[in-house]
Amino acid sequence: MLRLEKRPVPSRFWLWGTPVLAVMLTMIAGGLMFAALGKNPVVAIRTIFWDPLFGEFAWYFRGQLLVKAAPLILIAVGLSLGFRAGIWNIGAEGQYIMGAIFGAAVGLAFYPADLWIVFPLMVVAGAFGGWLWAMIPAILRTRFRTNEILVSLLLVYVAQQILASMALDALRNPEGGGFPGSRNFGSYPAAANEEIIAGTGMHWGVVAAFIAVIAAHVLMQRHILGFQIRLAGQAPRAARFAGVNPSRLVVLCMGLSGGLAGLAGLFEVTGPAGQITIDFASGYGFTAIIVAFLGRLEPVGILLAGLLMALTYIGGENAATNLGLPSAAIQAFQGMLLFFLLAVDLLTNFRVRVGRLA
Amino acid sequence: MRDLSHDGALLTVEGVTKAYPGVVANSDVSFRIASGEVHALLGENGAGKSTLVKMIYGLVRPDAGAMTLRGAAYAPQRPGEARAQGVAMVFQHFSLFEALSVAENVALGMERPPRMGRLADRIREVSTAYGLPLDPDRLVGDLSAGERQRVEIIRCLLQEPKLLIMDEPTSVLTPQEVDILFATLRQLASEGTAILYISHKLEEIRALCDAATILRRGKVVATCDPRQRSAHDLAEMMVGATLTPPARNRAPKGEVALEVTGLSVASPNFFGTALRDVSFAVRKGEILGIAGVAGNGQDELLLALSGEVRSAAGAVQIDGTPVGHLGPNERRRAGLVAAPEERLGHAAAPDMSLTENALLSGAVRQGLVRGGLVDWAAARRFAEGIVADYDVRTPGVGVAARALSGGNLQKFVVGRELSQSPAVVIVNQPTWGVDASAAAAIRQALIDRAALGAAVVVISQDLDELLEIADRFAALNGGRLSAPRPVEGLTVQEIGLMMGGAHDLQAVHHA
Amino acid sequence: MEIFGGINPAILIASLMVAAVPIMLAAIGELVVEKAGVLNLGVEGMMIMGAVCGFAAAVETGSPAMGFVGGALAGAALSAVFALLTQVFMANQVATGLALTLFGLGLSSLVGQGYVGIKPPSTGDVPFGPLAEIPAVGTILFRHDPMVYVSILIVAAVWAVLRFTRTGLVLRAVGENHDAAHALGYKVQRVRLLAILFGGAMAGLGGAYISLVRVPQWTDGITAGAGWIALAIVVFAGWKPWRVLWGAYLFGGIAVLQLNLQAAGARIPAEYLSMSPYLITILVLVIMSSDRSRAALSAPAALGKNFHASR
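As they're listed, the protein sequences go chains A, L and D.
Here this note's numbering is used: the first residue of the first sequence is 1, the next is one more, and so on.
Here this note's numbering is used: the first residue of the second sequence is 1, the next is one more, and so on.
Here this note's numbering is used: the first residue of the third sequence is 1, the next is one more, and so on.
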């Protein structure tokens, strides 16, 4: 008979041991899933986790790692602040889209002016777009107590429709021969997010992600606001007693996460994606939720989790080309990771005992 | 070996032991209770009374020992089995559902409830017969604490129990309501029902019970006839030491430090009580005791004074400055500190360390934050100071608040507020669920702080506590505060009337 | 009698009843789950797993009935994972629900790979004979597949069970105050586990209806947020079963109307029509949640809180 016993103090060891354990369990379960799909599990796991880092084409994949990790980290760092405070912004995907649209629209408005100010303005507009989209659930929650989970999520579907409309209509490339999609920022240098060091994948979004990690780390560890965020999440009544204004916290956390998601969208549309298209949204906003939890809602942890998750993307593509592994398998794999993480998280707060206590 | 025959005994408990990780709740506990007997289980908080009755009610299974009921082996696996065999229980923290009706609540506590219509009739019938009238269609959330207890009692009585367990039943009643409850219990006992009465209030036990089993740290320390013993004797057996009552401060009082005028605020909770036109003033060096049955606006009063709920600016004044419109931190700056009732979750964050919990309310007055950044070293020193000054037993200040015992955490919470050299102190239920020595230390600390010139407001359900430390006394009833009166010369009858008397109860038993 | 340029009201009503079935089923299941005090945000994931597994089961067996059974089983299976994580492993309900949706979306796409572009066996209408020929009334009431009627019966059954039976009373009690329910001897985790499984089965059934009747085919992401709308409808309905029915019809109506307007070539761009159900859902949520007293009374008090019997 297994029994659970609440620990008087959360376990320090398991706090960081659980993500590692979850990753290992996911590899085992994922291997079984790949075997069920008729692939050799060992080869599949190696193709996903080993080859991109140390294989023949690692020089290419390693650069891609930063490209994929940057938006995940940017978004997840923002989400983690809200999640810590018990504010559930799960519509980062929508804020990511809106950031890309706002930023791209500003850039395209300047086309073809070759001014240095264009890109910085686009960055501001991108952050603003994401912030604005996140303010809708924030204001509805503070004014009308409307559930921010549902509103932020439903707004993703709205944002996707706006994206389609932009690609088909308002932002469509007038010289694109009628095809949907905006001009490509790759051919408009003043508005492009190019690699800072060629071949490394290091673009401005990566820089922003690192800055976000450091800033969030300082905020959570040293700033009174970070303390208030943690307090509000753990004990809302104690937070009120400590003088925390819950509405202000909602606006702040939603705004920060929305702004960062918007930035991620802007850096993506001007860099790796290159243009506004109907299928621009690739699910980073949702995967970032997994990244945030996998990183234990800690900025540094999120940095590592983002890199790991980026690896599954790249490795997944690698496995798709080389082994014919369906790309959906990677999505299921990522979801599975979150399951295992949530399950083994129990070890942090509870002790598992076998048998009866005498 | 003790005699195991059951002549006359309804329930016997023999050598029962129950251990939890890190604590032995009951160790080799034995006692017996006969039909028609009112038997007291006496002990202070943490003595193991609740664990013991949970085993009798089938909620917890003993590690060792045996029980018999009417001579047969008795080992209920779940409360349903206990109920089926005639054991019923009235809980201290009610096992009620606010959004459900009285009848639905009663049905949930019965094994085979009759149809709803029939049940409603039975509730009316039985509740009137025992002088505890109840409307079966009302939502429990709309009932007062006393009425809620009636729901629990009626739920038990409908099953015609052989043994009725009552866990601290009088903490939610006015003195007049206590008299009526006792009359009901005596009536039940005379009809042959055995009553196991759990309390730490000595006078009640001496007034009601035929026998008493006294528990201390999980062990039976004595069995006696409480009517033959003095309250002082019983207290010594219960606590294991003689406690000296706190020394009062008789110095003359200073100027008015806290003035509340016409304070009316809605409750933040749906089933809460709104404050209506509350007015009082407290002078420097004075302790105002505010009594009242739970749910009459105590929580709301604390929130309105601490600043968690705001009101008109002039409704609350500190040293003549209006603060009613200000939040908690601005009021702290003005000199007001507060300690809410609920330790875990309101006064302190359960999973945070003592250092973090010290920062929680100490940030403003102790200067623990500079330019937005937390000075963790200073917060740690502040926490260590509280731990040292208020004798908080803890391995260190890095420990999570929930790892501390109730008494130690309460000493930390009250100490945290008192050590900020406040001008005004508000505490709600400062010794609720706290062991006797910690309670005595907290009361003394409040008196000492008043002696240093603070105006202190103590909101408490414990009348003895208020009579012991307060200079003046007022009572909350339905969100209204009675006019404060000096404690000296006040009788229990008068206090009961200030608390609302017997509300709508009729004294059927006196007929 | 034609409005909106070529839309027949009787056909409109008949088709909104069909459009409402998936969200009605998912919402009534989630209502039971929430009444037991559990918030399962994985409805979308359970629906899409129901959609793909139901589709696969129907195609493989050739029987739509087996498809619905398969969909319900798939939804229940996924919800069992949720139940295990939240009730046994004490995981956060919000995070676990999201994980369920993310995992469901990925796995469904994996399972559905072989089924893209296939037509499922068709689900016939219930033969009401001459009744179906009555003008207007026949079209609205008597020309539907069995699931339209089954879904209404399920709503009625849930209403009756919650209101009149001891099972319903215990379920509500557990959702209201799990500590008190535990003190009275009720098995909180067991009640919640069963509620979660029922919710999963209903979501799976609703998903299967999408891929077997409403669309009918399999494509990735076929549920398109229906699970989230179902969650919103539970709030809209104030946790009352019959209001779930009306809520589902309202949203079914909006969905059908905007599709008809798109088809009729209305001047509003298609994207804006497509986003209207989501926007209206948000609007309704705002209106419902701004009424404070009602929200406090009807929402189960223990919603989303995990229970661990300590002592």
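Built from N, CA and C at the ideal position, the CB exists for glycine as well.
None of the values given here were measured: they were computed from a predicted structure.
- DSSP places valine 16(L) in the uninterrupted beta strand (DSSP E) bounded by 9-20.
- Looking at the DSSP output, glutamate 5(A) sits in a beta bridge with Arg351(A).
- With respect to glutamate 111(L), alanine 72(L) sits apart: the two C-beta atoms are not nearer than 7 Å.
- Glutamine 334(A) is outside the set of residues whose beta carbon lies under 7 Å from a beta carbon in chain L.
- By the neighbour-count criterion, in which a residue is buried when 16 or more other Cβ atoms sit within 10 angstroms of its Cβ, phenylalanine 307(D) is buried.
- Per the coordinates, the alpha-carbon of proline 189(A) lies some 12 Å from the alpha-carbon of leucine 108(A).
- Closest in alpha carbon position to glutamate 203(L), among Phe97(L), Val178(L) and Val221(L), is Val178(L).
- For histidine 223(A), the three-state secondary structure derived from DSSP is strand.
- The alpha-carbon separation between phenylalanine 179(A) and arginine 172(A) amounts to approximately 8 Å.
- When C-beta atoms of the stretch 62-70 of chain D are compared with those of the stretch 80-100 of chain D, fewer than three pairs fall below 8 Å, so the two segments do not count as touching.
- In this structure, the straight-line span from the alpha carbon of proline 62(L) to that of isoleucine 56(L) is close to 9 Å.
- Within the DSSP secondary-structure output, glycine 289(L) pairs in a beta bridge with Val458(L) and Phe473(L).
- Ala235, Arg237, Ala238, Arg240, Phe241, Ala242 and Gly243: these are the residues of the stretch 235-263 of chain A whose beta carbon lies less than 7 Å from some beta carbon of chain L, given in chain order.
- Taking CB atoms only, glutamate 298(A) has no neighbour in chain L less than 7 Å away.
- Scanning Ile426(L), Ala388(L), Ile469(L) and Val392(L) for the CA closest to the CA of arginine 331(L) turns up Ile426(L).
- Judged by beta-carbon spacing, serine 257(A) lies within the 7 Å limit of asparagine 89(A), meaning their Cβ atoms are closer than that value.
- For alanine 450(L) and asparagine 249(L), the gap between their C-alpha atoms comes out near 8 Å.
- Aspartate 464(L) has its alpha-carbon roughly 15 Å from the corresponding atom of isoleucine 447(L).
- When DSSP states are grouped into helix, strand and coil, valine 77(A) belongs to the helix group.
- One Cα belongs to arginine 190(D), the other to isoleucine 149(A), and the distance between them is close to 27 Å.
- Residue-level contact check: leucine 184(D) touches chain L, since one or more beta carbons of chain L fall below 7 Å from its beta carbon.
- Think of a sphere of 7 Å around the beta carbon of arginine 192(D): no beta carbon from chain L falls inside it, the nearest being about 16 Å out.
- Rounded to the nearest angstrom, the Cβ distance from aspartate 351(L) to arginine 402(L) is 7 Å, consistent with a contact under 8 Å.
- Contact annotation: the stretch 321-339 of chain A touches the stretch 100-107 of chain D, with at least three C-beta pairs closer than 8 Å.
- Judged by DSSP secondary structure, serine 151(D) falls within the alpha helix (DSSP H) whose first and last residues are 146-164.
- Of all residues in the stretch 86-117 of chain A, the ones placed with a Cβ closer than 8 Å to any Cβ belonging to chain D are Trp88 and Ile90, in chain order.
- In terms of beta-carbon proximity, arginine 222(A) lines the interface with chain L, with at least one pair separated by less than 7 Å.
- Nearest to alanine 203(D) by C-alpha distance, out of Gly129(D), Ala80(D) and Trp159(D), is Ala80(D).
- Boundaries for glutamine 275(A): no alpha helix (DSSP H) harbours it, and the DSSP string shows neither H nor E there.
- Under the Cβ criterion of 7 Å, alanine 173(D) is counted among the residues facing chain L.
- Between the C-alpha atoms of leucine 32(A) and proline 41(A) there is a straight-line separation of about 7 Å.
- Within a 10 Å sphere around the beta-carbon of methionine 220(A) sit 16 or more other beta-carbons, which makes this residue buried.
- When the five nearest sequence neighbours on each side are left out, the beta carbons in the same chain lying within less than 7 Å of the beta carbon of arginine 183(A) are those of Leu108, Tyr111, Asn173 and Gln275, in order along the chain.
- One thing to note: glycine 292(L) has its Cβ no nearer than 7 Å to the Cβ of leucine 497(L).
- For glutamine 420(L), the CB contacts under 7 Å within the same chain, skipping 5 residues up- and downstream, are Val337, Gly362, Arg365 and Gln366 in chain order.
- The C-alpha of histidine 203(A) is placed about 45 Å away from the C-alpha of arginine 214(D).
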